[in-house]
Amino acid sequence: HPGQQKGIDPNISGPKDQTPLHLSALHNQPALMALLLRVGAQINSITQDGFTALHLASQSGHTEAVAQLLEGKADIHVKDKQGRTALHWAAAQGEVGVIQLLLNSGSSTNATEKEKKTPLHLAAMEGHTRAVSVLVLLASGKSKIVDDKNVWRRTPLHLAAEHGHELLVGLLLETGAKINCLDNNKDTPLHCACRDGHVGTVQRLINWTNGERANLQTDSRKITFKVKLS
25 HPGQQKGIDP NISGPKDQTP LHLSALHNQP ALMALLLRVG AQINSITQDG FTALHLASQS
85 GHTEAVAQLL EGKADIHVKD KQGRTALHWA AAQGEVGVIQ LLLNSGSSTN ATEKEKKTPL
145 HLAAMEGHTR AVSVLVLLAS GKSKIVDDKN VWRRTPLHLA AEHGHELLVG LLLETGAKIN
205 CLDNNKDTPL HCACRDGHVG TVQRLINWTN GERANLQTDS RKITFKVKLS
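So for the sequence shown, the numbering used here puts the first residue at 25; every next one is plus one.
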């Protein structure tokens, strides 16, 4: 190892405790990463934010860097300061290629961050339709993640409806999401869509007929359709 003979420490940390491996993962340099790992770079070292190289590569959608780290047996379950795994970040950014790599390596779709959001919650909130379908399709052990509740007892369908992601609402319903699930405020996904004036999403929920129908008579402050028809 020529690097080690000269006494170069591959784990030297710079600003925010980033090591050379963190930086090469962030900038998608798999060949450089392979070299660093060969000379003793610690694959799971963390930055001040609790990010591993795998977190950084996943956030940026760098499939080559992610593949290199997985090959080097990076720990896929490490959580950052927000309690997020690499899969949470890939889902939040809608990075489908990275999501597939992580799931094939055994990343958990049930992992929750500090607000009890799963990767599916984050993908639904951001409107990443393809990411949601991959997560649901490849869910670990075919577990029923579609109705998981965060700390406010909101499901991915609540979040997709609240943010007006109409196609995603349809996809979640087709996947079997419960249409009348109540959160801590006793709100259904329909309440969430109405409150934010998402006409298309409201129509998608009201017109859903493949199973339980959207309840228009929920006790929680009867739904009023004050929706701007613009």
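Cβ coordinates follow ideal geometry from the N, Cα and C atoms, glycine included.
The alpha carbon of Ser37 has as its nearest neighbour, out of Asn52, Leu59, Pro54 and Ile70, the alpha carbon of Ile70. The three-state reading of DSSP puts His182 in helix, counting H, G and I together.
DSSP places Leu206 in the coil class of the three-state scheme, outside both helix and strand. Taking the Cα positions, Asn52 is about 11 Å away from Leu93.
The Cβ atoms of His112 and Glu137 sit closer than 8 Å to each other.
No Cβ-Cβ contact shorter than 8 Å links Gly96 with Gln117. Taking 8 Å as the cut-off, the Cβ atoms of Leu80 and Ala55 do not count as close. At the C-beta level, Gln72 and Asp33 stay beyond 8 Å of one another. Under the three-state reduction of DSSP output, Val170 falls in the coil class, being neither helix nor strand. Across the set Phe75, Thr142, Pro143 and Asn35, the C-alpha of Asn35 shows the shortest separation from the C-alpha of Gln66.
Annotated three-state conformation of Ile123 is helix, per DSSP.
Counting every other CB atom within 10 Å of its CB across the protein chains shown gives Gln227 a total below 16, marking it as exposed.
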